Ligand code: SF4
């Protein structure tokens, strides 16, 4: 059932109480973050998810009827929610459903959807890390604000796959964020293919949230999200001039002092071949300005090495950029062709062995920079968010660490902490990825 590159549509019906609605929102957020589309009609969906209620007889009846309607109109139905806890009852009435799961079974539901409709997969284009395909822990969540992209980077098939930029109205995004925070989310990870472009397609149209007018654009959204007192982390922020306006919000602690900016390369000719903006000098200037204004800013980026036509000179330019920019967190991919991408037709493919050799040199340069930058934090204090409590250590993250892709702040196991707790720590050690800390003595 896996058509490579196809974007599947999911229909969803949510019945019952507000708790069920929060579960549905959580599943919807995850589906959006992973690139699935939602469908308003049974007929157009590739699969329908019915989140049921089983509280009273009338609710059971309504749930069974809804499952029957979805089966008649679509045929591929997964049942979840309270009535799902009584699977025999559902299966007796509708033996043809694909699966039945109980309430709050987010992970199980996502696993079933992945099984029946695999998410589109392209190694260097994914908005969330591959590990993120399992549902995120309850204390952080991805918040997808738009879909599609107006650029035409030659290594990328997102515009063909998902179309041009389509932003979600700001009122809808705020409502989803509010529900997530109410259900225990402490960190919102804002994602889109091009985050600063948010609202461009809607001409930054005003919308309402709680009776308040807000423009559908990144500055208004970042400010409004900051009011939830959760961590707000922005991903896929291209270094456009409007990003300058976001830096003061970091100093006001409305959003985290963190920018994830996929730069991909630094050589002007390579950036041109990739059809990316080729103003590396401007990027360095802009970074320097942001750091002057917000010294705590953590910058993350990703790069591609071994793109067709990349010469040793291009690669040296990239290494020089790394040394000068001194980014805090960096990911690197060796170029691999994505079916349907324009770059596949470019001449001068780089041999695999050269790609691997450049990758190793790139990572070595960055490892030295990361090690030095993390070592400079030893002795400082910071607020961290606890991700997991394990037998041997407590795994937390600071403002400069996005889950799954950056490092951790590791605490000794004896402290009484739970996932989702914020705690102030003192940094006592570092290596090239992680920091080590003790809770700060007040
Ligand atoms: S900006 Fe480029 S890489 Fe990113 S989604 Fe758009 S076309 Fe793809």
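Numbering (this note's numbering), first residue to last: 103 to 544. Idealized CB from N, CA, C, for every residue including glycine. As the structure is a computational prediction, the values presented were derived from the model and not from experiment.
query, result
"Option nearest residue 529 by Cα separation, candidates 539, 520, 437", "539"
"Simplified DSSP state of residue 282, which is helix, strand or coil", "helix"
"Near ligand 2: residue 208 beta-carbon under 8 Å from a heavy atom", "In the structure shown, ligand 2 is absent; the only ligands present are ligand 1."
"Under 9 Å between C-beta atoms of residue 332 and residue 288", "yes"
"Residue of 151, 378, 257 minimising C-alpha distance to residue 437", "257"
"Helix, strand or coil at residue 255 according to DSSP, with G and I counted as helix", "coil"
"Contact the segment 389-399 vs the segment 457-469: 3+ CB pairs below 8 Å", "no"
"Complete beta strand (DSSP E) runs within the segment 367-391 (minimum length 3 residues, chain order)", "none"
"Closer than 5 Å: residues whose CB approaches a heavy atom of ligand 1", "251, 253, 255, 258, 260, 295"
"Neighbourhood of residue 124 by C-beta, 8 Å cutoff - its chain only, sequence neighbours within 5 removed", "281, 284, 285"
"Among 186, 110, 108, 111, the one whose alpha carbon lies nearest that of residue 117", "186"
"Collapsed DSSP secondary structure at residue 178 in the structure displayed", "coil"
"Identity of the residues DSSP links to residue 183 by a beta bridge", "154"
"Beta carbon of residue 156 nearer than 9 Å to that of residue 183", "yes"
"Cβ separation of residue 432 and residue 468, assumed to be a contact under 8 Å, to the nearest whole Å", "5 Å"
"Contacting residues, own chain, Cβ-Cβ under 8 Å from residue 399 (five flanking each side not counted)", "349, 352, 359, 360, 361, 392, 393"
"Same chain, Cβ closer than 7 Å to residue 491, neighbours up to 5 away in sequence not counted", "519, 520, 521"
"Nonlocal neighbours in the same chain, by C-beta distance under 7 Å from residue 210, ignoring five residues either side", "203"
"Contact under 9 Å by Cβ, residue 112 with residue 152", "no"
"Range covered by the alpha helix (DSSP H) that runs through residue 217", "208-218"
"Local Cβ density within 10 Å of residue 445, reported as buried at 16 or more and exposed below that", "buried"
"Pairwise C-alpha distance: residue 299 and residue 387", "21 Å"
"Opening and closing residue of the alpha helix (DSSP H) in which residue 469 lies", "454-477"
"Nonlocal neighbours in the same chain, by C-beta distance under 8 Å from residue 109, ignoring five residues either side", "137, 138, 139, 222, 263, 264"
"Nearest-angstrom Cβ-Cβ length linking residue 525 and residue 541, presumed shorter than 8 Å", "6 Å"
"C-alpha gap between residue 496 and residue 129, whole angstroms", "27 Å"
"Residue 447, buried or exposed, once every other Cβ within 10 Å from all chains shown has been counted against 16", "exposed"
"Buried/exposed call for residue 114, threshold 16 Cβ in 10 Å", "buried"
"Check whether residue 272 and residue 326 have beta carbons under 9 Å apart", "yes"
"Rounded separation between residue 190 and residue 241 - CA only", "33 Å"
"Cβ-based neighbour list, residue 534, same chain, cut-off 6 Å, excluding 5 preceding and 5 following", "469, 472, 473"
"Alpha carbon of residue 368 to alpha carbon of residue 291, nearest angstrom", "26 Å"
"9 Å Cβ cutoff met for residue 255 and residue 267", "no"
"Cβ-based neighbour list, residue 488, same chain, cut-off 7 Å, excluding 5 preceding and 5 following", "496, 498, 519, 520, 521, 522, 523, 525"
"Residue 338 beta carbon less than 9 Å from that of residue 297", "yes"
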